[in-house]
Amino acid sequence: MAQGREVDDSTYALVANTASLSVRWVQGFPKQDVHFVNDSTICYPSGNFIIFINIATKKKTVLQCMNGIVGVVATNVPYEVVAFSDRKLKPLIYIYNFPGLTKRTKLKGNVLLDYTLLAFSYCGNYLASYSSLPEFELALWDWESGVILCKKSQPGVDVSQMTFNPMNWRQLCLSSPSSLTVWTIERSNQQHYLKAKTAKLPMEDGSFFDEKDLVFPNSLPKDLIYGPVLPLSAVAGLVGEEAETFRPKDDLYPLLHPTMHCWTPTSDLYVGCEEGHLLVISGETLKVTVLDKTEDTPSMEGRPLISPITMAYQKGGVLASGIDGFVYSFIIKDSTYRIEDFLQVEDPVECLMFSPSYKMLLIQTDKGSVYIYTFGEEPTLDKVVEACDGQFQAIDLITPENEYCITLTYSGEACVWCLEDGAFVSRINLNMPTTVLACSPSSLSVAVGTVAGSVHFFDIQDAKSPREVHKAFLSESSVQLLVYDQRGIYLLAGTPEGYVFVINAKPSSSFEVLGFVEVHKGILQISTVSLLETDIVEVMVLSSLPETGRSSLEIFTLPIILPQVSATFADERGRLRNEFIHKFLYEVEHSLSSAVLSFQSDRIYGFCNEMPYICSYLLPANEHDGVCVLQPYHKVQSKQYGPGVLSLSPHGLWLITKAKCGTVCIRDVHTLETFVRCRSHSHQGHGIQSVSISVDGQDILVNGKDDGTLVCLKWRKFGGSLASDILEYSQQLLTSLSNTMEEENDSLRMRQSRFSGSEPEHTNMRLSIDSSQEELVQANNMKEIPWIQQKSQEAIKKEVKLFSNKRKEIKREIKALAKTVLNMMAENETVDNIAKLEQREFGLDLEELERLQSESQEEVTKIRKDVEMHNLAKAYLTAVIKEECWNSMVVKGRSLKGFHIPYVVENFPLKERTDEELKEVNRVLQQKKIETECLKLRKEIIEVQSAITLVKKHHEEEEEEEEDVAVRDTKLPNYLLGSLSTDFGVPTSLLSSQLELHSREEKINQIILLKDIIYKVKIVFNNEFDAAYKQKEFEIARVKERNVRIQEIILDLELEESVWQPEFEDCEKPEKTLVVEDSEITAQKHIKPWQKAKTELITTQKREQWLQLQASETRHRALMDMMGGVLEVKKEDILRMVIPPPAFVAKPDAVWTEEEKKQFRDYEKKVKELNEERDKYRKSLEAELKKLQNSIQESTQNFDELLKRLFERRVKAEMVVNQEELKINNLVFSLLLDEEISSREMFLNNYLRRKQEERSQTSEAVRKSKEDLDMYKEHYDNLLAEDKVLDRSFKKEFSEIPSHQVDILYRLFKRRPRIHKQKPHSDMTSIVPFGERPGSGKLNADAFAQLMKAMDDLDNINNMPEGLNPLVWNHFCTTRRVKVENEQKVKQKAAGLMEVVAFHRRRGDEDEKVQQEIERVSRELILLQEEKVKFQLNLTIQVLLKQGQVEVENFQLLLDYSDAILINRNIIEDLNSVIRAQGQKKVASMMETKDIHKGIFQIEWEHKKMEMEMEDLNQKAWDIQMLFFSRERQKFLNEPNYETLIAIQIGIMEQTIAVLDKTHKKNVENCKKLLKKLEKVSNQKDVANYTLSCNLREELVAVSERKDICNAMGSILTCEKIAKERYENMMQQQKLRNTSKEQAKQISVLEAEVERLKMKTFPALVPL
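Note that the sequence shown covers residues 42 to 1705 in the working numbering.
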């Protein structure tokens, strides 16, 4: 059998001295997937080995990993190599050739712990590996050169399957139970890169959900009221990379869970899911499609949902299997698939795989069995590997032939294997949990121990059909150890309880149980010494003593004649007597994991548990009593680590050690030195479970503990004394046992199977004893009883039979004694107290009585303690609740109810504010006061500055307006304040306006002030509540006082009315609930004896005092008898007064005397007067009763009215609290939104920074790829140019030969050989779905080699043209070969250039994509900043509106306020005041201008008047100068009656004047009428002017707004425009100044000329 090994310096050397061990065969079953190495060989890992199996011949080949257990395995069919990893720290990947099993290469990476997956590409020399914790690294290797081409880490992702695309080695699919990722391998020249893309899986029901962009969500609602709506990551406060993938729990939907995937020839993926869905995923776009399943066929009805565990692609669909053991064929067409049954196997299928030729299908079950299904006309199903049911639990060799070995699994399956080649022979199954197995040296039988405590015996004379022949049920504890002695006389079975059962090992004795030996619990090992020349068997039992840290060794001897004298050696219960078996007890001061007894019985070998030492201990020669402590005699350090186990070879000269490290060592017994060492297992599989060596020492079986591998070792260079000793011993042993074996085997054949023969005899004992023997155990007919229990029952039965008469006698005496004691107790009850004995003195067993009393007292104490602890816990919980809900309240919560109305008013429970809260409130108040003072000072400064610039006349008005504004600002109205807190007298002057809360600090201070206002409002209401509460207390007290009198009146009037007595309820006095009244306790109160005695004594004293008082009150008794208990009759007693009738009333009226009649009349008169007094007094009492009741009714109704007002006050207070809390909530919401916006902004900044870093990387990648492209293109151009140079220089090379030969050679130079491609067989193309796969480097090299081989044919001398020189032909052939090689290089370079160009294009696309992402983030950041500014300015305020109905005509109610803004009224008022002031200034300026124009006009008029007067004077002067006497003057001088004439003229003039006056009055009246009309017109004009002035004011406001907007929108243009206008104004002013100067000069010249003319025309008064 071929075997491959790897040499490692860290491993143990296999050769010591001249002898060594090698692996003969390995038996194990696959725990991982089985792989095809070629079309006829499969392989799988098992423990430290890889097992190769030829499918046709079933021949096995093993490859051992010298560094421990094999990790993961992968195979490459084209190259016929196998790769596997080891499990050591910093594992390696080894690649071996097959079938040579020579190491090809060793791959060393940076993985720390383990590789989990390996996969070869279908073409090319690429190997992908995936590691687990902590790297989670995907690496791509060039396994031929042993280098990592590229790698990528994805932390926390566990991958379950990894496959290359068979049609494209650049695609690699990794799937896990939660995701599926396709990795693309990009290559640029010699650089490789990995790019991942994850498929978006649908939900569990197969539907897809609309996945939103988490970074830039576009579908978020726009909230115009509460501000911007941000992504959930911003709400969560995430600013790092986790915000990109954050989803809340409500938004997480369970997705499909992929279980297996496979590639298709179209580079698509078929994915099977745990939920039963089948997906198709595009390899390029990763688009996921859920295939629809057609209806099930009738044969599949009733089966569970198919959840594919494994899949394999075939043409037209896939083969899949689940957990039901069926292989299904999924026939896929378009987007639907149909399921058909393909094959059924025994167990659930774990792996399906086609052979490279697709002629065979490998089926691997979960137990490890491997089937090969061969396609063809007659398909066949062959079982290549038949696995056992579980791991090997125990192993042993079947002696004496040493042809077979037997294994045992935990489930009870025993398998027989051929020792020569490890082939499977037969099996038998117990179908129950088993523990241990042992083969008998004296017969062909096997003993198997079970967990149930039984030992089963098998007959294995026919190894192909073993059978069970006997069963011994020892005890109910599991059988932990089974050991035969060397001669096969006894079988020793050990149990955890410390019982060692001795069983006769000979089948002829029916495997009789001889007895048991009781040792310490925790048996570790049983060692026996049974030599041929002795008649005893020495047994040593090793047990652990964990309480002392020591180990116990118990040695006893069993004589050979024990089966004949077993009744003497054992007692009635089956326990072997110590004096007969010579049992001795030893202890070792340290803990041992294993110990064996030497064949000389003078020495013990032990393996230390805590230290790696093997020690030998000498046994004392003399016998001893008690415990003997052994000291180490010889100590050797072991190179094995972990707990070890020792065993002796059959001849007792070899000491075999095995340990957790997985190494088997064989040592010399005398020197304890190792002469052979072999590592067959590893510590990763927890080492070796058991070792078994044949009698002749030629074969050694080693079983792994957890790796499930059975290794058979054989000797190499085994000879000399090493072999002769054991061979000699084996011959002697076989000779001495030959006769015995023949006899026992014959008796074994005679025994029938337990299933067809007699059952083990179990005596069903039914004991005939009386009722006092209930403690005896009776046998159950339906239940099998263990041997130890049977012996116990037999002993009990024997004892009962032996002592039955004595028991009856004792019982009779006990009954008589009990009767006597009862009589004594009855007599004791009749005697006096002094002579009476206590009951405890009648106890016969006082100690037992005291013990019972102490137990009961302890139980009572325990219960009392538990109750006290329970009460303490309840009390603590009560104290906590009371402290939290009652004591911590400075104002306790209570209610107040009305007397006659169902009103309930509750106060506000308040906790005392902490020092931190008060400190915070004081800080905010101090800060607000400082801000108020600062604001006042600023206003004063502004007023002073404005007073300097304003006109004094308007200063007072503006000052008054500012004072009004200041007053309005300091006391905001309720509708703007947002609450009615001012109605409770709480100051709100320090609150900031809701329109001014922009900063975070202002909002926090506002929240603190609002909380303070809420607290003060509650305090104000609580004060009112306390006043009302005191009022109710007063009213109740007054009602109680009046009820006393009412009760008296009711008693006097003998009315059946009830008195209404108001009381406080529990809700009004909650402290009453904290006090437990005696009436509330339903349980009987526990009174201590001394308290009970004290109470009885006090009661007796009080009774005696009362009797004494009753005896001494003779005066009181006489008063009661004579005068009813009173000395004076009160007015209240009138109603109860009765006038006794005379004594003669009983006599008839006829016999009355006069005196009696007179007395009777007096009696009637007194009765009448008494009745009148009664009626008068009754009426007065009724009037008083009604008055008192009315008074109570009136006072309680007044209180109810007060309570109504208090209730309204409570409602208003609660309204105020809710209003303030609503404001607080709005502020808190704004703070939270501000934080969310800040988080979003920080995230976008971080995201932008990451994208910029990524952009720098992509830019660098683009630059580098551009450089590589340029360099590669340059090389390609150079190579292409060289090729063209070779073509052009051909004729120059052969210019010396004739031209026609040159032409012939040129044609041959251009000629290329045809390479015949091997066409695949038609049947292969029809079976293999993937067809011809793309070429790889190896295929290209093979094609080039084939081309060169074809060129050799062309270079043959036979192809040389005629007449050509052979030297020229050789030169031509060399030149042509160079040309062909250069052409191949050009082709390779061209293909590489295309890859580099594509790589550069992809890098450019990535860079452009990142740039677009950066721009998008920048835009989003700008929009967010705008939203943030808008949110800070767009405040949410709370406005109080008047309740009521507002009617709007024609439903013209404005509901859309999207384009409206809410601003502070003060802003409008301030703006109006500024506009009004500016308007007044403008009016004043206009009036001033008007007055100036009026003065100019007046001056001009005066100037004209003066000019006219000047002209008149000049004219008069001229007239005076030119004066002459007219006729009139002459007439005056000459006429004597000139005055008469003047009078006549005057009269005529007066008449004329009268006429003119009349005419004038008429004209005046007409003018007045006209004036009235003009006044009406003037009024109309005034109205129009007022309207225009209002419009002008609005236009001025609009103009000012437009100016502000213009200033805000285009300040730069406005400044330029203003500068230009100023420049033009300055130039115009300069021109006007020059013009005015010139005109002033002209005016001065003209004035001088006027003055000159005036002087010239001034009149000269010449005297006449």
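Think of the CB as a built atom: it goes at the ideal place given N, C-alpha and C, for glycine as much as any other residue.
Asked	Found
Have a look at the DSSP bridge pairing and note the partners of residue 930.	952
For residue 546 and residue 535, which I take to be in contact (beta-carbon distance under 8 Å), what is that distance rounded to the nearest angstrom?	About 15 Å separates the two Cβ atoms, so there is no contact after all.
So which of 1018, 674, 1455 has the shortest CA-CA distance to residue 711?	674
Determine the extent of the alpha helix (DSSP H) in which residue 1075 is found, giving its start and end residues.	1041-1094
By the 10 Å Cβ neighbour count, where 16 or more other Cβ atoms means buried, how is residue 646 classified, buried or exposed?	buried
Is residue 757 helix, strand or coil when you go by DSSP?	strand
Residue 600 lies in the beta strand (DSSP E); which residues open and close that run?	591-600
I'd like to confirm the pairing. Which residues does DSSP put opposite residue 313 in its beta bridges?	301, 319
Which residue comes first and which comes last in the alpha helix (DSSP H) that contains residue 1414?	1407-1474
Buried or exposed for residue 186, going by 16 or more other Cβ atoms inside 10 Å?	exposed
Can you list, in chain order, the residues of its chain with a C-beta nearer than 6 Å to that of residue 109? Leave out the 5 residues immediately preceding and following it.	127, 128, 129, 723, 725
Could I get the ranges of all uninterrupted alpha helix (DSSP H) runs contained in the stretch 840-880, with 4 residues as the minimum, in chain order?	845-871
Starting from residue 395 and walking both ways along the beta strand (DSSP E), at which residues does that stretch end?	390-395
By Cβ distance below 6 Å, which residues in the same chain neighbour residue 579 in space, the five residues on each side in sequence not counted?	570, 598, 642
So, at 8 Å on beta carbons, what are the nonlocal neighbours of residue 649 in its own chain, with the 5 sequence-adjacent residues on each side left out?	631, 632, 633, 634, 655, 656
Residue 216 by DSSP, collapsed to three states: which one?	strand
When you compare only the Cα positions, how much space is there between residue 1371 and residue 310?	14 Å
Which stretch, first to last residue, makes up the alpha helix (DSSP H) that contains residue 883?	Where residue 883 is concerned, there is no enclosing alpha helix (DSSP H), given that its DSSP letter is neither H nor E.
For residue 1322, count neighbouring Cβ atoms within 10 angstroms of its own Cβ and tell me buried if that reaches 16, exposed if not.	exposed
Where does residue 80 sit, in a helix, a strand or coil, going by DSSP?	coil
Between residue 780 and residue 427, what straight-line distance do the alpha-carbon atoms span, to the nearest angstrom?	38 Å
Just reading off the alpha helix (DSSP H) that residue 1401 is part of, what are its end residues?	Where residue 1401 is concerned, there is no enclosing alpha helix (DSSP H), given that its DSSP letter is neither H nor E.
Which residue wins for smallest C-alpha separation from residue 1110, given the options 716, 1645, 1073?	1073
Roughly how many angstroms lie between the CA atoms of residue 1082 and residue 1193, to the nearest whole one?	54 Å
So, for residue 1317: in the same chain, excluding its five sequence neighbours on each side, which residues have a beta-carbon less than 6 Å away from its beta-carbon?	1430, 1434
Return the residue from the list 973, 302, 759 that minimises the CA-CA distance to residue 351.	302
What are the start and end residues of the alpha helix (DSSP H) that includes residue 153?	Taken as a continuous stretch (DSSP letters only), residue 153 belongs to no alpha helix (DSSP H), as it is neither H nor E.
For the stretch 1517-1584, list the alpha helix (DSSP H) runs that are entirely contained and at least 4 residues long, ordered along the chain.	1568-1575
Taking only the alpha-carbon atoms, compute the straight-line gap between residue 1692 and residue 1684 and give it to the nearest angstrom.	12 Å
Measure the CB-CB distance between residue 438 and residue 742 and report whether it falls below 8 Å.	yes
Rounded to the nearest angstrom, what separates residue 1580 and residue 1594 at their Cα positions?	20 Å
Taking its Cβ as the centre, do 16 or more other Cβ atoms sit within 10 Å of residue 1248, making it buried, or is it exposed?	buried
Just checking: is the beta-carbon of residue 191 within a distance shorter than 8 Å of some beta-carbon in chain D?	Judged by its chain identifiers, the structure shown contains no chain D, having just a single protein chain.
Quick one: residues in its chain with C-beta nearer than 7 Å to the C-beta of residue 939, no 5 flanking neighbours on either side, listed in chain order?	1241, 1244
How should residue 115 be labelled, buried or exposed, when 16 other C-beta atoms within 10 angstroms of its C-beta is the threshold for buried?	buried
Check for me: the alpha helix (DSSP H) holding residue 774 runs from which residue to which?	762-791
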